[in-house]
Structure formats: structure tokens, C-alpha cells
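Structure record follows, encoded as C-alpha cells.
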Amino acid sequence: MRFPIPNTSARVQDVTDHSPGPRRAPGELLRRLRLRHPTDPVTHVERVPARAGEPVGWPGWAPEELRAAFSRRGVTAPWRHQAEAAELAYARRHVVVATGTASGKSLAYQLPALSTLLADPRATVLYLAPTKALAADQLRAVAGLELDGVRPATYDGDTPRAEREWIRRHSRFVLTNPDMLHHGILPGHAHWSGFLRRLAYVVVDECHTYRGVFGSHVAHVLRRLRRQCARFGRTPVFLLASATSGDPAAAAGRLTGLPVTAVTEDTSPRGGVTFALWEPPLLPPTDSSVDADLVQVRRSALRETADLLADSVVEGVRTLAFVRSRRGAEVVAANARRSLDEAVPGLGDRVAAYRAGYLREERRELERALLHGDLLGLASTNALELGVDLVGLDAVLICGWPGTRASLWQQAGRAGRSGDEALAVLVARDDPLDTYLVHHPEALFGRPVEATVLDPANPYVLAPQLACAAHESPLTPADLDLFGEGAKEAVDSLVEAGALRQRPTGWYWRHRERPEVDLRGEGGAPVCVVEESTGRLLGTVDGGSAHFLLHTGAVYLHQGVSYVVDSLDLADACALVHAEEPDWSTHARDVTSLSVVSVRSYVDAGPVGLFLGEVDVTSQVVSYQRRRIATGEVIDTRPLDLPARELRTVAVWFTLSPESLSAAGVEVADVPGALHAAEHAAIGLLPLMATCDRWDIGGLSTALHPDTEAPTVFVYDGHPGGAGFAERAYGTAAAWLRATRDAIAECGCETGCPSCVQSPKCGNGNNPLAKAEAVKVLDVVLTNLAAAGRAGGEAAVAGPEAVAGPEAVAGPEAVAGPEAVAGPEAGTGPEAGTGPDSGGPERGEVLPRQDDRAARPAQAAGAPPA
Numbered sequence: 096m097r098f099p100i101p102n103t104s105a106r107v108q109d110v111t112d113h114s115p116g117p118r119r120a121p122g123e124l125l126r127r128l129r130l131r132h133p134t135d136p137v138t139h140v141e142r143v144p145a146r147a148g149e150p151v152g153w154p155g156w157a158p159e160e161l162r163a164a165f166s167r168r169g170v171t172a173p174w175r176h177q178a179e180a181a182e183l184a185y186a187r188r189h190v191v192v193a194t195g196t197a198s199g200k201s202l203a204y205q206l207p208a209l210s211t212l213l214a215d216p217r218a219t220v221l222y223l224a225p226t227k228a229l230a231a232d233q234l235r236a237v238a239g240l241e242l243d244g245v246r247p248a249t250y251d252g253d254t255p256r257a258e259r260e261w262i263r264r265h266s267r268f269v270l271t272n273p274d275m276l277h278h279g280i281l282p283g284h285a286h287w288s289g290f291l292r293r294l295a296y297v298v299v300d301e302c303h304t305y306r307g308v309f310g311s312h313v314a315h316v317l318r319r320l321r322r323q324c325a326r327f328g329r330t331p332v333f334l335l336a337s338a339t340s341g342d343p344a345a346a347a348g349r350l351t352g353l354p355v356t357a358v359t360e361d362t363s364p365r366g367g368v369t370f371a372l373w374e375p376p377l378l379p380p381t382d383s384s385v386d387a388d389l390v391q392v393r394r395s396a397l398r399e400t401a402d403l404l405a406d407s408v409v410e411g412v413r414t415l416a417f418v419r420s421r422r423g424a425e426v427v428a429a430n431a432r433r434s435l436d437e438a439v440p441g442l443g444d445r446v447a448a449y450r451a452g453y454l455r456e457e458r459r460e461l462e463r464a465l466l467h468g469d470l471l472g473l474a475s476t477n478a479l480e481l482g483v484d485l486v487g488l489d490a491v492l493i494c495g496w497p498g499t500r501a502s503l504w505q506q507a508g509r510a511g512r513s514g515d516e517a518l519a520v521l522v523a524r525d526d527p528l529d530t531y532l533v534h535h536p537e538a539l540f541g542r543p544v545e546a547t548v549l550d551p552a553n554p555y556v557l558a559p560q561l562a563c564a565a566h567e568s569p570l571t572p573a574d575l576d577l578f579g580e581g582a583k584e585a586v587d588s589l590v591e592a593g594a595l596r597q598r599p600t601g602w603y604w605r606h607r608e609r610p611e612v613d614l615r616g617e618g619g620a621p622v623c624v625v626e627e628s629t630g631r632l633l634g635t636v637d638g639g640s641a642h643f644l645l646h647t648g649a650v651y652l653h654q655g656v657s658y659v660v661d662s663l664d665l666a667d668a669c670a671l672v673h674a675e676e677p678d679w680s681t682h683a684r685d686v687t688s689l690s691v692v693s694v695r696s697y698v699d700a701g702p703v704g705l706f707l708g709e710v711d712v713t714s715q716v717v718s719y720q721r722r723r724i725a726t727g728e729v730i731d732t733r734p735l736d737l738p739a740r741e742l743r744t745v746a747v748w749f750t751l752s753p754e755s756l757s758a759a760g761v762e763v764a765d766v767p768g769a770l771h772a773a774e775h776a777a778i779g780l781l782p783l784m785a786t787c788d789r790w791d792i793g794g795l796s797t798a799l800h801p802d803t804e805a806p807t808v809f810v811y812d813g814h815p816g817g818a819g820f821a822e823r824a825y826g827t828a829a830a831w832l833r834a835t836r837d838a839i840a841e842c843g844c845e846t847g848c849p850s851c852v853q854s855p856k857c858g859n860g861n862n863p864l865a866k867a868e869a870v871k872v873l874d875v876v877l878t879n880l881a882a883a884g885r886a887g888g889e890a891a892v893a894g895p896e897a898v899a900g901p902e903a904v905a906g907p908e909a910v911a912g913p914e915a916v917a918g919p920e921a922g923t924g925p926e927a928g929t930g931p932d933s934g935g936p937e938r939g940e941v942l943p944r945q946d947d948r949a950a951r952p953a954q955a956a957g958a959p960p961a
């Protein structure tokens with residue numbers, strides 16, 4: 096139950112004063128939060144001890160003017176890792192500094208870059224950030240040094256056109272993002288020739304965020320930048336900053352195409368962190384039926400986070416709540432405001448939401464309000480996860496497992512950034528992965544973080560990027576070495592398609608317009624959300640999520656205000672909405688089909704086959720449900736008429752023979768439910784194995800697939816050409832499926848629940864599901880894969896190489912379940928569900944095909960002919 100917030104005058108005084116009150120010790124704050132629940136929701140408290148710093152002297156080449164500027168900012172000497180990275184960069188060695196949150200990575204690249212600008216009045220620096228908020232924060236930091244002649248400026252989509260020409264001509268420290276480099280600077284390189292021919296350093300901040308398809312695109316954007324600089328005889332030094340990650344030198348090398356030296360020992364001081372794992376309580380049954388007793392669910396993590404945020408604000412604690420989806424951030428902020436206003440009218444104004452899609456003016460005002468203490472609580476997407484310096488925060492709430500240990504520590508590190516003690520709380524969602532993690536803290540603490548996964552050789556990335564490069568200037572044979580493996584084949588395909596023309600001097604772009612390439616793989620241009628009665632632009636939604644978020648009848652949230660979509664025009668990329676406060680939320684539903692195109696690799700394990708290959712996935716949003724906000728009751732299901740979307744990607748799949756299932760005790764009638772449950776759990780685990788985000792993957796299960804002619808479970812990458820995640824699943828299949836099996840078996844429910852094999856976002860309503868039989872299915876798979884490994888089978892399944900690398904998770908420590916593409920961040924975008932506290936659709940959830948006909952043995956299914 097929810098306990099009312101006491102309306103005491105002392106507490107009101109704490110939160111009505113804009114200046115923060117005395118800091119409450121994290122342990123005391125956590126104790127007070129725990130006391131407000133009848134049963135203790137905390138499953139574990141980890142104490143991360145404070146650490147002393149290791150300062151060293153300034154490098155001899157650092158100008159006195161720069162040292163004095165840093166001293167005015169309170170920096171009297173660098174930490175050893177900062178000086179080490181700066182020395183490497185100043186010696187013209189490409190370097191990545193991969194240390195913890197708030198370890199001062201900014202100074203590590205500012206020191207050599209600004210020293211060079213002061214020593215050489217013609218030199219320039221290009222800074223790349225994955226988000227506009229981070230670039231704006233770094234602009235404040237560099238401009239605050241007040242160095243003559245540096246003239247820092249941001250150049251992004253928000254920059255007024257009147258200022259752009261001045262920046263091109265006069266700024267020597269340009270802060271931008273990969274999107275603007277791709278869309279604006281490189282296509283207009285002739286206008287940037289003066290800047291590029293003097294470019295000394297390229298700073299790539301938060302480079303660990305460049306993973307998957309986005310990271311692969313950015314890798315080629317950086318190669319295109321190197322290519323244009325080389326035309327002017329310049330070879331800039333690349334300075335990269337990363338969160339702590341597995342093998343940062345190799346990841347930075349893949350990203351830049353250059354040899355990179357890593358600095359990984361963090362010598363900065365750190366305040367202690369009290370890290371609590373918080374499991375929301377079980378909700379009481381809604382009726383006295385037997386089913387209600389069996390399927391008891393926990394309180395929503397969104398509502399629990401909202402209450403914790405409100406309670407923290409009442410305590411006068413500056414708190415940041417991270418939520419995986421835009422919609423979730425709006426819901427948490429709205430619920431916290433409502434609770435606070437019930438206790439103290441007007442107190443809710445101290446809480447706001449922050450997410451992508453807001454207009455520039457809104458984002459900057461929110462950043463200012465948080466920094467100056469006007470806001471005490473903020474619910475944010477991971478837009479504020481990165482290095483924005485939010486000095487003065489006392490606590491961080493993390494609503495649901497953020498996908499990787501790297502992100503977990505990045506988010507937790509937002510608090511206590513001034514070296515003070517801090518509180519971090521991970522609030523578990525009601526799904527198998529979160530449930531397991533809060534009960535197995537050894538899977539979170541004391542384990543290495545994951546390596547960054549990206550694949551620049553992906554032909555669906557490489558070919559469009561080569562087209563962009565050819566548009567900028569003709570490609571030459573020497574350029575193909577720069578773009579790496581597969582470049583020649585990609586160029587040949589572009590020539591065959593009529594996009595390039597080969598001449599003796601190289602390959603030329605044939606069209607007047609430039610190639611349209613979306614770096615982030617978000618499915619097209621952003622869709623504008625416009626209030627129909629006023630014509631006011633409320634915000635934008637990426638094209639890939641528009642079918643789920645902005646279909647006719649959808650509820651759209653913006654800063655706590657509800658709007659209902661009147662119409663969605665995909666051709667004009669515009670959705671018209673009107674303000675309305677309905678008592679229902681909306682949940683889009685899609686259907687998916689999959690066909691096998693080719694098999695890259697396979698393991699013949701007798702009655703079991705394990706495959707990696709290309710597949711075609713067709714999905715279509717066909718309807719949406721309206722549900723009562725208060726009860727979750729389904730009001731109705733309404734049809735939609737939206738176009739189907741097709742995707743060629745990479746998948747991993749396994750097949751089983753009907754005879755092996757029968758021998759394991761799986762009845763024919765239970766096969767669809769067993770495969771469906773195993774699919775849910777397997778999808779749920781993969782984000783922990785492959786460092787992907789949950790919306791990066793999808794799945795499908797069927798009792799008889801027409802291409803494999805056997806019972807089959809597919810898990811596929813949700814990006815054209817794949818993103819490397821299916822390959823990772825194939826390479827760690829034994830560990831992945833073993834942990835999946837253990838996750839299901841260890842759950843204490845009878846027939847399946849949200850903490851094991853149920854998913855509230857399942858496109859088929861979690862029907863059929865067979866929990867016990869799913870364990871039997873996975874036992875068959877694991878037993879036969881192990882036998883194949885002992886017999887000299889694929890190393891991907893047997894040998895130590897199968898789980899090599901710091902991100903590999905073997906054994907029961909890595910567990911997941913049905914909501915890998917479930918939860919509010921699931922589907923084809925992180926905001927798949929709409930309306931307060933709603934969920935979203937699962938990408939790839941289909942009606943498992945039920946067919947009682949005998950299938951051919953799985954050992955031959957899907958395999959290439961002998």
C-alpha cells in the first residue's frame with residue numbers, strides 16, 4: 096500500500112526553500128524510505144567505499160594560462176590517469192580513457208586539446224557527443240575557462256542558421272554530434288575546409304554508447320572524417336572517453352579504425368555509494384479466484400519509482416530517477432507530482448520529466464532548473480545518463496535494469512559527483528531478469544562490465560556509408576582500405592544497383608540528391624506532434640516508434656499533459672493531437688512473420704540444431720487496446736490500418752525433433768506453449784549476454800516452421816543487416832540457454848508469472864505458455880549441444896571460447912525472462928506503450944503456430960544441403 100506523506104511544517108520548510116538543506120546521510124535516507132513499507136522491499140545493500148585521489152603535477156607543456164584557468168575552476172592539479180592520457184594525446188598517440196563516472200575524463204582531453212589551441216593560433220578541435228545535452232554541458236565547461244581565442248561553439252540541429260556561418264569561420268573548438276557531422280559537416284566539407292585543414296584533435300566523448308548498428312554507422316562517419324582530413328594533409332589525433340568497459344582499446348580501435356592506447360586505472364577520489372536493490376511488493380489478489388492466487392504480480396516499478404521520488408523530494412533530497420522509456424519518464428514525473436501536491440499544494444512543481452523529443456528551450460530550462468536547485472526531482476530517460484555534470488545530486492533511482500552493467504554504474508554515478516556520499520537504488524521491474532538480479536547481487540557487484548559490440552563490416556551499414564563518402568568526393572581504391580573488410584564488395588553492389596559509376600579515376604555518385612542514411616536506425620525521419628487546435632509543435636517521435644506511439648487513438652504524454660492522437664500522416668511525418676485526460680491508456684499490438692534466407696553457420700547436435708543466418712522479418716501494427724488506468728481492465732481492442740514493415744536481419748535459432756520432445760515428456764499439445772515460454776526467457780537473457788538494449792532484439796516461436804520443418808525458436812536482431820547480437824548469442828549459446836533454463840526452473844510460481852515466463856506485452860496475450868515443459872525443451876537443447884561439444888562440435892557451443900570475454904555470463908548468475916522486448920521500453924522503440932503506467936508491444940511476438948502434424952527430424956532442418 097502507499098503511505099501518505101506527512102504534512103509537517105519542518106518538512107515543508109525543507110522542500111520549499113530553493114537552496115538544498117543539510118545533506119542526509121545515504122544510509123539514513125534509505126532507512127527512512129524503507130520504514131514507509133510494511134514489509135522491507137530491500138533485498139540487498141552494497142556499500143561501495145570511498146577512495147582517495149592520486150594527484151600529480153601539471154605536464155610541462157601545459158601553458159600557465161590554462162593552468163590558471165583550471166585553478167579558477169577549483170582544479171589545482173590533475174589526477175594521475177588524466178595526466179597519463181593527456182601525455183599520450185599530446186605525443187600524438189590515439190588514446191581512450193576508460194574510467195568511472197565523475198573521474199574527470201573531460202580534463203583528460205581538454206588539457207592537450209586546449210594546450211594545443213593556445214600554442215597554435217590556427218589549430219582547431221572537433222568534439223563529438225552522443226547527445227545535445229552533453230555537448231551543451233561541455234560548452235559551458237570550456238567557455239567557463241575564459242581562454243582567449245578558443246571561441247567554443249555548439250553546431251547542431253538547434254543552432255540558428257544565422258550563427259552557423261560564423262561558427263564555420265571563427266570557432267576553433269566546435270562541439271557537435273555524429274548526426275550533424277554526418278548530415279551537415281561532411282556533405283558540406285567545402286565550407287569547412289578551413290576548419291578541417293587545421294584540425295588537431297577529434298574528441299569522441301562517451302564512446303561506449305556507440306554500439307550496435309548506431310555504433311557501426313558512427314565508425315564509418317569517423318572514417319569519412321579521416322578521409323576528408325587526409326585530403327588536406329591532416330591526420331588528427333583521436334581522443335576518446337568511455338565509461339569503464341571491457342577491452343576499451345579494441346572497441347575504440349573498431350570505432351576509429353586506428354590503433355588506440357587505453358588508460359583504465361581510475362585515480363580520482365570517489366565518495367562512498369550506498370547501493371540498494373529494491374523489489375516492489377506483491378499486489379493483493381483482485382478477487383478470490385484460484386487464478387488470482389496463482390498469478391500474483393508485483394507493484395509497477397514505475398509507480399514504485401514515482402513514490403520513491405516523491406518521498407525523496409519531501410526529505411529535501413535532490414534526486415534523479417532514470418526510466419528506460421520516454422513514456423515512463425512522463426508517468427513517473429506525473430505520479431510524483433500528484434503525490435506531492437496531495438501532501439503540499441504546489442510542491443509538485445519541484446518535479447519534472449526530461450527526455451528526448453522536447454524542444455530545445457524546454458531542455459535547456461530543465462537543465463538550468465536542476466543545476467540551480469529550482470527542481471528537486473527529475474525523471475529522465477538515459478539522455479542524462481552521460482557526462483552532464485549534475486553537481487549537488489544526492490540520490491539516483493534506477494527504474495528497472497538499464498541493460499548493461501556499464502549503464503548501471505553510469506547512472507548510479509550521477510549522484511555524489513562532488514565527492515560526497517550518495518544513494519543509488521535499483522527498483523526491479525516484475526520480470527525475470529530484474530527479479531533474479533535483485534536476489535543475486537553477485538551478478539551485479541564485483542563483476543567486470545561488458546565490452547562494446549559493433550560491426551563496421553555490416554553490409555547494410557557499409558554500403559550506405561560508402562555511398563555517402565562517394566557523394567562527398569569520388570571513391571578511390573585507396574579509400575577501400577580505409578573502410579575495411581567488405582568495402583570492395585559493397586562498392587560493386589552499388590555499381591550494379593546504379594548508385595555509383597566506375598571511371599578510371601574512381602567511383603562517382605550518380606544522383607543529384609545525396610543518400611538518405613539514418614545513423615540511429617530509428618526507421619525514418621522524426622514525426623512531428625502538433626496540437627491541432629493551435630498548430631503548436633509539442634515535440635517529435637522517431638519514425639520507428641511512430642506506429643506504436645502515434646497511431647490514431649493513441650494517448651501521447653508531454654510534460655504530464657495527456658493528448659489523444661486524431662490522425663497520423665506518415666507521408667508528411669506529422670501527427671495531429673488534441674488535449675484530453677482519458678481514464679484509459681493505449682497499447683499497440685503487432686503481428687510478425689519470419690522466413691529463413693540463408694544459413695551462415697550451424698551445429699548438428701543430433702536431434703537438435705543450432706543455426707546462425709539471415710532472415711526476413713515482416714511486422715505490422717494491426718490493433719491497439721484501451722485499458723482502464725486504475726484497474727488495467729481491457730475496455731476494447733480497436734483495429735488499425737498501418738503498413739507492414741520488412742526487415743532483413745541476422746538471427747540465431749534452434750530446432751528440435753518431435754521425437755526428442757516426446758522422449759522428454761513434452762506432449763504434442765504442449766509444444767507451442769513450451770517453445771513460447773522458452774522464447775520469452777531466451778529473449779530476456781540476451782541483453783545481459785550481448786550488451787544490446789532490449790528493443791534491439793525480437794523473437795518468434797512455432798511448433799512447425801515452414802523453412803525448418805521442425806519446432807523452432809528464433810531470436811533476431813531488430814536492425815537491418817543485424818547488429819552483432821545474434822552472433823553473440825550463437826557464440827555463447829551454452830551459457831545463454833543454461834541461464835535461461837535455470838531462470839525458469841528456479842521461479843517458485845506454479846504455471847508461469849511475470850517473474851518467469853509471462854510477459855504483459857506479449858502479442859498473443861501469453862497464450863499458450865507451458866512453464867514446466869519449457870524447462871524440458873531447454874534440457875533437450877543443452878544436453879545435445881553439450882554432447883556435440885564433447886564430440887568435437889562447434890567451439891561456439893562447446894569450448895571456453897564460447898563464453899570468452901568479460902561480457903559473457905555463465906551459469907545461474909545471468910538470468911532473464913519474458914520481457915526482453917517487454918516493458919515500456921520494448922517493441923520497435925523505447926516508448927512502445929502509451930498512457931499512464933502502460934506497457935508496450937513486444938517486437939516479434941506472434942501467435943505460435945499450432946500444428947499437430949509430424950515434423951522431420953530437426954538435425955536436418957534449416958541446415959545447408961550436404
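Residue numbers are given in my numbering: position 402 of the sequence shown equals residue 497, and the series is strictly consecutive.
Glycine included, C-beta positions come from ideal geometry on N, C-alpha and C.
Among the options, whose alpha-carbon lies nearest the alpha-carbon of residue i?
i           : options               : result
residue 366 : 511, 504 and 231      : 511
residue 357 : 403, 180, 256 and 368 : 180
residue 820 : 707, 875, 882 and 231 : 707
residue 190 : 321, 807 and 345      : 345
residue 547 : 350, 228 and 588      : 350
residue 500 : 395, 188 and 196      : 196
residue 715 : 643, 213, 785 and 293 : 643
residue 409 : 506, 202 and 436      : 436
residue 712 : 792, 700, 733 and 656 : 792
At the level of alpha carbons, what is the spacing between residue i and residue j?
i           : j           : result
residue 282 : residue 326 : 14 angstroms
residue 569 : residue 577 : 14 angstroms
residue 388 : residue 128 : Any reading at residue 388 must be qualified, since the residue scores a pLDDT of 42, below 50, and its modelled position is unreliable; the value itself is stated next. Taking the straight line joining both Cα atoms gives about 29 angstroms.
residue 277 : residue 329 : 19 angstroms
residue 490 : residue 270 : 30 angstroms
residue 479 : residue 633 : 21 angstroms
residue 863 : residue 811 : 21 angstroms
residue 400 : residue 174 : 36 angstroms
residue 586 : residue 837 : 47 angstroms
residue 395 : residue 155 : 56 angstroms
Say yes only if the C-beta of residue i is nearer than 6 angstroms to one or more non-hydrogen atoms of the ligand GTP, and no if none qualify.
i           : result
residue 724 : Here there are no bound small molecules, and the ligand GTP is not part of this structure.
In or out: residue i buried (at least 16 other Cβ within 10 Å) or exposed?
i           : result
residue 758 : exposed
residue 252 : exposed
residue 166 : exposed
residue 693 : exposed
residue 891 : The predicted model places residue 891 with a pLDDT of 39, which falls under 50 and marks its position as unreliable; any figure quoted below should be read in that light. Burial call: buried.
residue 800 : buried
residue 752 : buried
residue 719 : buried
Which residue comes first and which comes last in the alpha helix (DSSP H) that contains residue i?
i           : result
residue 290 : 288 to 291
residue 591 : 582 to 591
residue 55  : Since the displayed the chain opens at 96 and closes at 961, residue 55 lies outside it and no answer follows.
residue 324 : 307 to 326
Starting from residue i, trace the beta strand (DSSP E) in both directions and tell me its first and last residue.
i           : result
residue 672 : 669 to 674
residue 362 : Residue 362 -> no beta strand (DSSP E), and no H or E assigned at all.
residue 493 : 490 to 494
residue 176 : Careful: residue 176 lies outside any beta strand (DSSP E), inside the alpha helix (DSSP H) at 175 to 185.
Exercise for the section: Could you tell me whether the region 470 to 480 touches the region 443 to 459, where touching means 3 or more Cβ pairs closer than 8 angstroms? Expected result: yes
Practice task
Assess, as a yes-or-no matter, whether the region 203 to 223 is touched by the region 288 to 299 under the definition of 3 or more beta carbon pairs within less than 8 angstroms.
Solution key: yes
Handout entry: Inter-stretch contact (C-beta, 8 angstroms, three-pair minimum) for the region 521 to 528 and the region 372 to 379
Key = yes
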